[in-house]
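Down below is the structure, laid out as structure tokens.
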DNA sequence: GCGACAG
DNA sequence: ATCTTGTCGC
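Residue numbers (full-length UniProt numbering): 1 to 264.
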């Protein structure tokens with residue numbers, strides 16, 4: 001009834017090799033036909049997952065699509081399932097990417113007109129020990145522009161959460177909404193972002209796939225009503241609500257198949 | 001060796 | 001990730 005325990009070193013090695021292999025396809029500049037400044041960007045997707053506290057292998061994945069500039073919801077879909085892969089820092093994609101890809105693929109198969117032009121992912125992009133987090137992983141496999149959004153900082157290349165918060169407090173930065181995350185190596189990994197100047201806890205935005213950091217930050221700005229960009233926030237709230245409503249029946253079914261339910 | 005470590 | 005109400009403040 002629980003997820004698998006510790007993984008073999010071989011598995012981690014295989015996963016590392018898979019990340020390094022997929023990383024060769026990563027594109028970190030704007031690779032799309034629409035223009036941010038125009039009204040050609042209409043459909044922004046968001047994905048998130050919630051988990052049962054009784055059985056952490058029971059999960060609900062949610063994909064939403066919001067329409068710009070109103071940020072109104074035009075699509076949402078869920079998948080309820082049992083996960084058999086544990087969460088290991090640096091390997092989140094192997095736990096969450098399969099079901100999220102399935103939700104995207106279903107939209108594509110249905111030729112749904114609201115298929116997202118860009119996807120916001122709860123989890124990092126290149127802000128990752130090997131420069132290939134969940135947002136990159138999803139972007140490459142779905143061949144879709146993606147943006148990574150972390151609610152906590154994954155400590156990479158000497159980056160440190162409290163230091164980022166401190167630099168937002170500096171007087172020279174008191175009017176800054178964005179702080180570039182430059183590691184000890186001199187590489188830029190992403191930005192710390194605060195939706196309001198009074199926000200104490202920033203979010204961390206990094207390039208996923210087929211987008212530049214500058215464009216990624218602009219899209220986050222366009223979709224941020226609260227701390228977390230609205231597409232991810234909607235996917236978060238809806239996956240949590242769906243889980244709480246249905247988990248009783250799910251906990252009773254040891255071998256329940258993944259079930260999709262589209263509503264819109 | 002020890003601690004840190006997206007969700 | 002998950003638990004969890006009210007409450008203080010703009």
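All C-beta atoms in this analysis are idealised placements derived from N, C-alpha and C, irrespective of residue type, glycine included.
Let me check one thing: in DSSP terms, what residues is residue i bridge-paired to?
| i | result |
| --- | --- |
| residue 33 | Bridge partners of residue 33: none, in fact. |
| residue 51 | 59 |
| residue 73 | 66 |
Would you call residue i buried or exposed, if buried means 16 or more other Cβ atoms sit within 10 Å of its Cβ?
| i | result |
| --- | --- |
| residue 110 | exposed |
| residue 49 | buried |
| residue 150 | buried |
| residue 209 | buried |
| residue 122 | buried |
| residue 9 | exposed |
| residue 160 | exposed |
| residue 89 | exposed |
| residue 75 | buried |
| residue 265 | Not covered by the structure: residue 265. The range shown for the chain is 1 to 264. |
| residue 204 | buried |
Return the chain-ordered list of same chain residues with a C-beta closer than 6 Å to the C-beta of residue i, the five sequence neighbours on each side being excluded.
| i | result |
| --- | --- |
| residue 130 | 19 |
Compute every distance between the C-beta of residue i and the non-hydrogen atoms of the ligand PLP, then say whether any falls below 6 Å.
| i | result |
| --- | --- |
| residue 200 | Among the components modelled here there is no ligand, and therefore nothing to report on the ligand PLP. |
Is the CB-CB distance between residue i and residue j below 7 Å?
| i | j | result |
| --- | --- | --- |
| residue 206 | residue 190 | yes |
| residue 97 | residue 79 | no |
| residue 215 | residue 68 | no |
| residue 114 | residue 64 | no |
| residue 47 | residue 100 | yes |
Take residue i as the anchor and find which of the options has the nearest alpha-carbon.
| i | options | result |
| --- | --- | --- |
| residue 167 | 157, 181 and 29 | 181 |
| residue 95 | 138, 116 and 240 | 138 |
| residue 192 | 234, 246, 29 and 164 | 164 |
| residue 221 | 83, 43, 55 and 195 | 195 |
| residue 240 | 199, 135, 217 and 77 | 77 |
| residue 87 | 73, 56, 248 and 107 | 56 |
Ordered along the chain, which non-local residues of its own chain (more than five positions away) have a Cβ less than 8 Å from that of residue i?
| i | result |
| --- | --- |
| residue 71 | 223, 225 and 230 |
| residue 174 | 197 |
Whose C-beta lies closer than 7 Å to the C-beta of residue i among residues of the same chain, with five residues either side of it excluded?
| i | result |
| --- | --- |
| residue 34 | 40, 41 and 117 |
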